[in-house]
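Notes to accompany the following structure.
Protein chains: 2
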Amino acid sequence: MTALWCELAWLGGEAPEPGVLIELDGERIASVRAGAPAGDARRLAGLTLPGLANAHSHTFQRALRGRTQGALGGSFWTWREQMYALVERLDPDAYLPLARATFAEMVLAGITLVGEFHYLHHGAGGRAYADPNAMGEAIVTAAGEAGVRLTLLDTFYGHGGAGREPDAAQQRFCDPGVEAWSQRVAALREGPAVRVGAAIHSVRAVDPEAAAAVAAWAGERPLHAHVSEQPAENAECLTAHGATPTAVLAAAGALGEHFTAVHATHLTGEDVALLGGAGATVCLCPTTERDLADGIGGARRLREAGARLAVGSDSQAVIDPFEEARAIELDERLATGVRGHHAPGDLLRAATAGGYASLGWPEGGRIEAGALADLTTLSLDGVRLAGTPPEHAVASAVFAAAAGDVHAVTVGGREIVRGGAHVALDVAAELREALAR
Amino acid sequence: MTALWCELAWLGGEAPEPGVLIELDGERIASVRAGAPAGDARRLAGLTLPGLANAHSHTFQRALRGRTQGALGGSFWTWREQMYALVERLDPDAYLPLARATFAEMVLAGITLVGEFHYLHHGAGGRAYADPNAMGEAIVTAAGEAGVRLTLLDTFYGHGGAGREPDAAQQRFCDPGVEAWSQRVAALREGPAVRVGAAIHSVRAVDPEAAAAVAAWAGERPLHAHVSEQPAENAECLTAHGATPTAVLAAAGALGEHFTAVHATHLTGEDVALLGGAGATVCLCPTTERDLADGIGGARRLREAGARLAVGSDSQAVIDPFEEARAIELDERLATGVRGHHAPGDLLRAATAGGYASLGWPEGGRIEAGALADLTTLSLDGVRLAGTPPEHAVASAVFAAAAGDVHAVTVGGREIVRGGAHVALDVAAELREALAR
């Protein structure tokens, strides 16, 4: 049996415990003991956290980093045109190395589980590849090679907007109907580190009837949807359906403990009550919401209404789960003029257990016996965190750490990052090569 | 004559130039030539920028990082109580190593010039130290040992609020009057890398008459003031003086090209016209403004009105000038729902030439013949920037770089950071030691 010894480990309290011995049994944690001697266990200096979950990712958008942020003027909608232009150039052979490099960048940032909201299914004109799941399989292969746990959220995309045919890029996202979509998804292979969930792209792209059919198919699987990212989406939905996106999804039977609303930036009080009452998760993607000028959602009222929180890197403008976690709190401070909406532990829970539950791995995101042995260790030797006393280590991790402070990552008991480097991949070289295409 | 050869260097255009040979003459740049061979010049791989200016710093607040962010509830004003408690424990012997370590952290983040807004002058009860400038001298010494260029903005602090006596912590900030303040400041020593400027702490702490006297003393020197950081400050000023803080400072003769308004978050249209019309600088400190729940200022309308922009790390919750620069744009996106208020080059100018001018070093912040040889080089080999094509390198530096990507820093022709490490100090160890006190 392998054992790890953590100088400090966060077991869920306000402060981390010193000297925590974690015994592993395969990919699970067998036992956890604080105040234990290291013995011959592998030592993890610094602060060990449960592995971080990236609950909302579009890996291919990594290729837009630095290329779309700088233009003067514009909006979410002009950004979407640039994203569609990229989509036209991706096929499974190009997608695999881009996704592998991006997933590997995530692992270096401490992410042990990623939810890939996958809608880029088909080739030009919407023609299926010889293997209709070729793009999804490329993502599964990429995650395996990068060493990150994956939930592939295969996304149903119906049309280009209420009553609108899909345009050229959108044709690549569309399946002929929910029946065809579900047959394709049924052929996806799961594995010890791969699960399959469903997604309704948005009420822009999916009719209420189709949303209901996808929700029925999903059953106990994770079900995600983009919800109310932009005011225009709400306006269009009200015109088309006479209800908010959240209300449309509620009527479709989508809401529940397995449901995750992504963004949920522009909600009514009723929307908040619906999501909270259902025990749904809300996945905030604050760095993307800043970049795309989406606005500041109301994370506190959602949490207080009963919703769980999670975070996602979404557009990959940056990949830094610590920045996402603190931004939930910091952006809410900007909107309200008040500090302290969320305790540091709650923000860390959003980035760990919240994401694991949202992605259908409720057995992960905590350091306890029986849980998945997914662990992320922050060095306290870098200048951002140097001199952090243990009693402030949780707040410092949330409010001051950066992706670059991660120096060890374990996924399912396997060491994937050691000394700040990926054990199998030269990640920067992989990124350079993938982005040069 | 020493020469440096930059793989890419930003000379002010939309994209950097390849193969830039920079010849040095002492602490100045003698010549700049793009498309040149490296010869036997020292090679700087990656993207070289003019050195970054941190135009608003309270170094001692580095000791609050991770210690004040996590509390539930609270505001700017409760944070200020925690800051005052720290003040009570600092004397010159404690301040020197804390400031040296913090300045060194700044240099590692690419900062070559810092403006220290210094108001922590005296001992308990406001008693002057044997050398009344002992605290200021500690800062000067610390900057020299850390290798960063310094403008010491010695700050006049009159009282605890209109008609209020200073409390215990505030007594340490106060000089008996502007005359006594100016005599103390006149005794501060300047040097090749040290200049002295003035600051009016705020209209909270300085009467209009005293503000006018400080402004008259400052003359052509840099003059800074905290302006309209919080709505309560505006309300108190309106009650006391019947005018906004900006209008009070304008009537005191403070505004002009040498004036910098720090924060300027809550301005009226008239305030914006006053600052812009005067050609003043506005120093935004976005990560602090997030942390302290200050709100989102209107950087675009200030720039369009004629104000220059600069950035500051202020409370040191994080030290990352790239995060500050992009936050000007990103937070304005959150407030407006629109992208692209500021071109990447303008954001980079705020973090370089804008700060240099604000701090009284107009000969710095640009890579050109005759300018100060202050340079900051970003590695493009890290995962955040890997694969950045030259034409997108400026936008990538602003929107995706992090402090940890800085691998070389030159101040006045001297190499201070090499391979991402400080040439003279073990910065993390210095921080650990200083924070342990």
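Chains R and P supply the protein sequences, listed in that same order. Heads up: the first sequence begins at 1 in the numbering used here, then just goes up one per residue. Heads up: the second sequence begins at 1001 in the numbering used here, then just goes up one per residue. Built from N, CA and C at the ideal position, the CB exists for glycine as well.
Is there at least one Cβ from chain P nearer than 8 Å to residue i's Cβ?
i: R/ALA315; result: Residue identity differs from the one stated: residue 315 of chain R is Ser in this sequence, not Ala. Answer no: the Cβ-Cβ gap between R/SER315 and chain P never drops below 8 Å.
i: R/GLU105; result: yes
i: R/ASP40; result: no
i: R/THR336; result: yes
i: R/THR59; result: no
i: R/GLN171; result: no
i: R/VAL87; result: no
i: R/ASP291; result: yes
i: R/ILE111; result: no
For residue i, which beta-bridge partners are listed by DSSP?
i: P/CYS1283; result: P/VAL1262, P/ALA1310
i: P/HIS1224; result: P/ALA1199, P/THR1260
i: P/ILE1111; result: P/LEU1052
i: R/HIS422; result: R/VAL417
Strictly under 8 Å for the Cβ-Cβ distance: is residue i near chain R by that measure?
i: P/HIS1226; result: no
i: P/PHE1399; result: yes
i: P/HIS1241; result: no
i: P/LEU1108; result: yes
i: P/VAL1427; result: yes
i: P/THR1141; result: no
i: P/ILE1328; result: no
i: P/ILE1416; result: no
i: P/HIS1118; result: no
i: P/ASP1093; result: no
i: P/VAL1262; result: no
i: P/SER1075; result: yes
i: P/TRP1250; result: According to the sequence as given, residue 1250 of chain P is Ala; it is not Trp. P/ALA1250 does not count as touching chain R.
In or out: residue i buried (at least 16 other Cβ within 10 Å) or exposed?
i: P/GLY1298; result: buried
i: R/LEU72; result: exposed
i: P/PRO1092; result: buried
i: P/ARG1100; result: buried
i: R/ARG366; result: buried
i: R/THR376; result: buried
i: R/THR244; result: buried
i: P/GLU1088; result: exposed
i: R/TRP77; result: exposed
i: P/THR1260; result: buried
i: P/ALA1104; result: buried
Could you pull out every residue in the same chain whose Cβ sits closer than 8 Å to the Cβ of residue i, ignoring the five residues on either side in sequence?
i: P/THR1324; result: Contrary to the premise, residue 1324 of chain P reads as Glu rather than Thr in this sequence. Once the five neighbours on either side are set aside, the close Cβ partners of P/GLU1324 are LEU1284, CYS1285, PRO1286, THR1287, VAL1311, GLY1312, SER1313, ALA1351.
i: R/PRO208; result: HIS241, VAL248, ALA251, ALA252
i: R/ALA305; result: VAL272, ALA273, LEU275, GLY276, GLY277
i: R/ARG67; result: GLN82
i: R/GLY39; result: ALA3, TRP5, LEU21
Considering only residues of the same chain and omitting the five flanking positions on each side of residue i, which have a CB-CB separation below 7 Å?
i: P/ARG1062; result: LEU1098, THR1102, GLN1316
i: P/ALA1015; result: PRO1390, GLU1391, ALA1393, VAL1394
i: P/VAL1107; result: ALA1146, GLY1147, VAL1148, VAL1409, ILE1416, VAL1417, HIS1422
i: P/ASP1294; result: PHE1076, GLU1229, GLN1230, HIS1263, THR1265
Excluding the 5 residues preceding and the 5 following residue i in the sequence, name in chain order all residues of the same chain whose CB lies nearer than 6 Å to its CB.
i: P/VAL1020; result: CYS1006, ALA1009, ALA1034
i: R/TRP217; result: SER182
i: P/SER1379; result: GLY1046, ASP1405, HIS1407
Could you give the DSSP three-state label for residue i: helix, strand or coil?
i: R/VAL194; result: strand
i: R/HIS58; result: coil
i: P/ASP1040; result: coil
i: P/THR1410; result: strand
i: R/PHE322; result: helix
i: P/TRP1440; result: Examination of residue 1440 of chain P is not possible in this model, given that chain P is present from 1001 through 1437 alone.
i: P/ALA1212; result: helix
i: R/ARG33; result: strand
i: R/PHE103; result: helix
i: R/HIS392; result: helix
i: P/PRO1231; result: helix
i: R/ALA429; result: helix
i: P/ILE1139; result: helix
i: P/TRP1005; result: strand
i: R/THR288; result: helix
i: R/PRO176; result: coil
i: R/ARG349; result: helix
Quick one: does the C-beta of residue i sit closer than 7 Å to a heavy atom of the ligand GDP?
i: P/GLY1019; result: Ligands are entirely absent from the displayed structure, and the ligand GDP is therefore not among its contents.
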